[in-house]
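Okay, structure first, notes after.
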Amino acid sequence: MKRESRTVDRGHQGDPASPQLRHLPLVDLLVDTRTELLELAVRSGLKVLETMLEEDRTAVCGPRYAHQPERVASRAGTVASEVVLGGRKVRLRRPRARAAGREVALPTFQTLADTDPLNRRVVEQMLVGVATRQYARSLEPIGPEVESRSTSKSAVSRRFVEKTAAQLEAWRSTPLDGLDLVALVLDGVHVAEHCLVVALGIAADGQKHALGVGDGSTENTTVCQGLLANLQSRGLRTDRSLLVILDGAKALRKAVRATFGEAALVQRCQIHKLRNVLEHLSERQRAWVRAIMRRAYRSDQVATAQRLLQDLVRRLDDVSPSAAESLREGLDETLTILGLGLSDRLRRSLATTNAAESLISRTRHVKRNVKRWRGGKMVVRWVAAGVLEAVKGFRRLKGHADMPTLVAALRARDRQRGLVALSEEEQKVA
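Take the position in the sequence shown, starting the count at 1, then add 872; the result is the number in the working numbering.
What follows is the structure, encoded as structure tokens:
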């Protein structure tokens, strides 16, 4: 008896990369790729949306063809409209209802037509590095049958400008009186031909708060004072001691004194001071100067650190007068933090402007795709957007467990100088 045989193509069996057909019982359609499945989901979602809109109209107009003398609205056909879906605007036919000669708003359409989610999606895509020309490609596919827009380069740019400008305005007007700030870190950042000043606040519990950004150089007293005046108008207290950590710019220090007066306890950034001194020295001289300065900054006693640095100044007078002058300028203010009795970990965190520089460094990733800067407003918007994005990843200051010691030292200074009458809670801390 002849045996029957058949040939089976096993070339694709077990191959996870080969396309597979899946049967969807609800729609009786074969889908062979993830893209087609997404497109199907969008089309199905739009059908559901049309049903929801019709239900909204039925709720105000009553069932179709039913005689209802008490109804207050009537059907008025459909009109071409748009809703926000998946980072784009999608067109559909919206049912209409009218009453007393005016259009009746449908709740479902009002919710989905709101452009704010679209603006947020644009900002999120731009901040993670998606270029305006590539925005449309970054979205999930919806299929050629669905008509969409608001994904062009110009539309994306326009929405990004609109949303980031609103964010900047809201940030600059956020009240600060609810924050128990005990330290303020000020540092500058250069973008193209512009220089901005970034303000970072540190609360009594060690939490970091981005406070604001000023458009202008740290060498411009007026610009710096404008930023500080904005913080003051929003509720930053200037009637009690505040540790202010600066990058060493003279204009910035002058603005701090003009705004806070004796309430400002200025700490000059030790890293900036070290860099400034070393710039005046040869490579051979830098090693031993760096070692002495680091030893002084790591000291537990102000007197010991002062002695080490003053001895170094005398030695540098013979080796490099310019380096000696750089070290001599603001020497005592680089040691302010040593006199507060803080732990080593917290002292290292507050001896430099690293907290602000770390914040600034995160903005560089956000704005890396910008090749052409069109003025100061654009720079401020991008830097502010980067700062507000970085805030989402903020952690408490290293050494925050010792923050009560800092608070006690500041309140004790207030009592000595008679700066402000302390509340009962502040007296307990002090």
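For glycine and all other residues, C-beta sits at the position ideal for the given N, C-alpha and C.
Between which two residues does the beta strand (DSSP E) harbouring H1144 extend? Along the sequence shown, read from residue 1 onward, the residue named residue 1144 stands at position 272. Run containing H1144: none in the beta strand (DSSP E); it sits in the alpha helix (DSSP H), Q1142 to L1150.
Does P1311 come out as helix, strand or coil in the three-state DSSP assignment? This structure leaves residue 1311 out entirely; the chain is present only between 873 and 1302.
C1096 to K961 span [Cα, whole Å]: Position 224 of the sequence shown, counted from the start, is the residue given in the question as residue 1096. Position 89 of the sequence shown, counted from the start, is the residue given in the question as residue 961. For C1096 and K961, the distance between alpha carbons rounds to 42 Å.
Nearest by alpha-carbon distance to H1066: which of R1268, H1272, W1254 and A977 is it? Translated into positions along the sequence shown, residue 1066 becomes position 194. Nearest of R1268, H1272, W1254 and A977 to H1066, Cα basis: W1254.
Thinking C-alpha only, which one of R1167, L1212, K1145 and G1211 is nearest S1198? The residue labelled residue 1198 in the question sits at position 326 within the sequence shown. The shortest C-alpha separation from S1198 is found at K1145.
Indicate whether the contact test is met: 3 or more Cβ pairs, each with one atom in the stretch 1106-1116 and one in the stretch 1284-1291, closer than 8 Å. yes
Taking the alpha-carbon positions, what's the F1132 to V1191 distance? Start at 1 with the first residue of the sequence shown, and residue 1132 comes out as number 260. Start at 1 with the first residue of the sequence shown, and residue 1191 comes out as number 319. Near 38 Å, if we compare the C-alpha coordinates of V1191 and F1132.
Report buried or exposed for D1077, applying the criterion of at least 16 other Cβ atoms within 10 angstroms of its Cβ. One-based indexing of the sequence shown puts residue 1077 at position 205. It is exposed - the Cβ of D1077 has fewer than 16 other Cβ atoms within 10 Å.
Would you call the stretch 1028-1035 in contact with the stretch 1057-1065, where contact means no fewer than 3 C-beta pairs closer than 8 Å? no
Would you mind sorting D1216 into buried or exposed? The rule is 16 or more other CB atoms within 10 Å of its CB. Taking the first residue of the sequence shown as 1, we reach residue 1216 at position 344. Result: exposed.
Going by DSSP, name the residue or residues bridged to R947. Counting from one through the sequence shown, the residue named residue 947 turns up at place 75. DSSP, once it has assigned bridges, lists A969 as partnering R947.
Drop a sphere of 10 angstroms on the beta-carbon of K1122, count the other beta-carbons inside from all chains shown, and report buried for 16 or more, exposed for fewer. Counting from 1 along the sequence shown, the entry for residue 1122 is found at position 250. Classification for K1122: exposed.
Going residue by residue through the stretch 1025-1065, where are the continuous beta strand (DSSP E) segments of at least 3 residues, counting only ones entirely within it? 1053-1063
Could you give the residue range of the beta strand (DSSP E) that holds D1087? For the purposes of this step, residue 1087 is identified with residue 215 of the sequence shown, where counting begins at 1. From DSSP, the beta strand (DSSP E) with D1087 extends over K1080 to D1087.
Under 8 Å by Cβ, that's how I've got D1087 and G1248 pegged, so tell me the actual separation to the nearest angstrom. In the sequence shown, residue 1087 corresponds to position 215, counting from 1. In the sequence shown, residue 1248 corresponds to position 376, counting from 1. Rounded, the Cβ-Cβ distance is 5 Å, consistent with contact.
Would the beta-carbon of L1103 fall within 9 Å of that of L1048? Taking the first residue of the sequence shown as position 1, residue 1103 is located at position 231. Taking the first residue of the sequence shown as position 1, residue 1048 is located at position 176. Cβ distance < 9 Å, so L1103 and L1048 count as in contact.
E942 - DSSP class collapsed to helix/strand/coil: Here residue 942 refers to the residue found at position 70 when the sequence shown is read from its first residue. DSSP places E942 in coil when its eight states are reduced to three.
Mark G1290 as exposed unless 16 or more other C-beta atoms lie within 10 angstroms of its C-beta, in which case mark it buried. Here residue 1290 corresponds to residue number 418 of the sequence shown, with the count starting at 1. It counts as exposed.
By how many angstroms is the C-alpha of T980 removed from the C-alpha of H1062? Start at 1 with the first residue of the sequence shown, and residue 1062 comes out as number 190. Start at 1 with the first residue of the sequence shown, and residue 980 comes out as number 108. Approximately 46 Å, taken between the alpha carbons.
Residues that DSSP places opposite I1117 in a beta bridge: Stepping through the sequence shown from its first residue, residue 1117 is reached at position 245. Partner(s): V1057 and Q1139.
Restricting to Cα atoms, I'd like to know which of L1150, A1257, A977 and E1034 is closest to R1240. Along the sequence shown, one-based indexing puts residue 1240 at 368. Comparing Cα positions, the closest option is A1257.
Flag this pair as yes or no: are the beta carbons of V1259 and T1225 separated by less than 9 Å? Position 387 of the sequence shown, counting from 1, holds the residue named residue 1259. Position 353 of the sequence shown, counting from 1, holds the residue named residue 1225. No.
How far does the alpha helix (DSSP H) with L1218 in it extend, from its first residue to its last? Indexing the sequence shown from 1 puts residue 1218 at position 346. Per DSSP, L1218 belongs to the alpha helix (DSSP H) from D1216 to L1222.
Just curious, the alpha helix (DSSP H) that N1226 is in, first and last residue? The residue given as residue 1226 occupies position 354 in the sequence shown. Looking at the DSSP string, the run of the alpha helix (DSSP H) that includes N1226 is N1226 to V1238.
Spatial distance of S1105 from H1237 (CA atoms): Locating residue 1105 in the sequence shown gives position 233, where the first residue counts as 1. Locating residue 1237 in the sequence shown gives position 365, where the first residue counts as 1. One C-alpha to the other measures close to 31 Å.
So, for L1212: in the same chain, excluding its five sequence neighbours on each side, which residues have a beta-carbon less than 7 Å away from its beta-carbon? Looking up residue 1212 in the sequence shown gives position 340. Hits under 7 Å: L1278 and A1281.
If you draw a straight line from the C-alpha of T1206 to the C-alpha of H1152, how long is it? Stepping through the sequence shown from its first residue, residue 1206 is reached at position 334. Stepping through the sequence shown from its first residue, residue 1152 is reached at position 280. Using only the alpha carbons, I get a separation of about 19 Å.
Does DSSP put D1210 in a helix, a strand or coil? The residue you call residue 1210 lines up with position 338 of the sequence shown. According to the sequence as given, residue 1210 is Leu; it is not Asp. Helix, per DSSP.
Identify, in the order they occur along the chain, each residue of the same chain with its Cβ nearer than 7 Å to the Cβ of V1263, setting aside the five sequence neighbours on each side. Along the sequence shown, read from residue 1 onward, the residue named residue 1263 stands at position 391. Excluding residues within five positions, the ones whose Cβ falls inside 7 Å are A1082.
Terminal residues of the continuous alpha helix (DSSP H) containing K1249? Counting from one through the sequence shown, the residue named residue 1249 turns up at place 377. Here the alpha helix (DSSP H) through K1249 covers G1248 to V1263.
Please report the residue range of the alpha helix (DSSP H) in which G1098 lies. Taking the sequence shown and counting its residues from 1, one reaches residue 1098 at position 226. Counting along the chain, the alpha helix (DSSP H) containing G1098 begins and ends at T1093 to S1105.
Go through its chain and collect everything with a Cβ distance to V1161's Cβ below 8 Å, but skip five positions before and after it. Mapped onto the sequence shown, residue 1161 falls at position 289. These residues qualify, in order along the chain: V1149, L1150, L1153, L1184, L1188 and A1195.
Going straight from the alpha carbon of E1261 to that of R1044, what length do you get? Here residue 1261 is taken as the residue at index 389 of the sequence shown, counted from 1. Here residue 1044 is taken as the residue at index 172 of the sequence shown, counted from 1. So the two alpha carbons sit approximately 15 Å from each other.
Compare the C-beta of A1123 with all C-beta atoms of chain C and state if any pair is closer than 9 Å. Among the chains in the structure shown there is no chain C, since it carries only a single protein chain.
Once DSSP output is grouped into helix, strand and coil, what is the label at A1075? Residue numbering aside, residue 1075 sits at position 203 when the sequence shown is read from its first letter. In the structure shown, A1075 sits in a strand (DSSP, three-state: E or B).
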